[in-house]
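Below is one structure, written out as structure tokens; the observations come after it.
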Amino acid sequence: ISETCIHFGYRSPGSVYQWECLYNKQGPQALLRLRRGRKLKNGQTTRQESRQASSAPKTEPSLTKRKLIVKDTTRCLKK
Numbered sequence: 198i199s200e201t202c203i204h205f206g207y208r209s210p211g212s213v214y215q216w217e218c219l220y221n222k223q224g225p226q227a228l229l230r231l232r233r234g235r236k237l238k239n240g241q242t243t244r245q246e247s248r249q250a251s252s253a254p255k256t257e258p259s260l261t262k263r264k265l266i267v268k269d270t271t272r273c274l275k276k
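The sequence shown lines up with residues 198 to 276 when you count with my numbering.
Rendered as structure tokens:
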């Protein structure tokens, strides 16, 4: 877990441990369903929702980055 934190620059090994447990129980697709960032307060909209409402749909590059992170984490966990 500490190697994964160092590799991706995370300061919280607790988060990586939770991701590992989630991965072991539900597989790699469970990591893709995770929401990023803090939980929203009631009535707030996300930046992504406000952007989608104001502009045409665009491709999401962060999804590709997230898939790469999941793939690398999977590789590290198999060691």
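Just so it is clear, CB atoms sit at the ideal spot from N, CA and C, and this is done for glycine as well.
Exercise. Beta carbon of I203, beta carbon of V213: below 7 Å?
Worked result: No. Outside cutoff.
Exercise. Should L228 and V267 be called a contact, given that it needs their Cβ atoms to be closer than 7 Å?
Worked result: The criterion of a C-beta distance shorter than 7 Å is satisfied by L228 and V267.
Exercise. Under the rule that 16 or more other beta-carbon atoms within 10 Å means buried, what is T261, buried or exposed?
Worked result: exposed
For this session: Buried or exposed for T271, please, with buried defined as at least 16 other CB atoms from any protein chain shown within 10 angstroms of its CB.
Result: exposed
Exercise. Cα separation between W216 and K236?
Worked result: Each residue's alpha carbon lies about 17 Å from the other.
Exercise. Does DSSP classify Y220 as helix, strand or coil?
Worked result: helix
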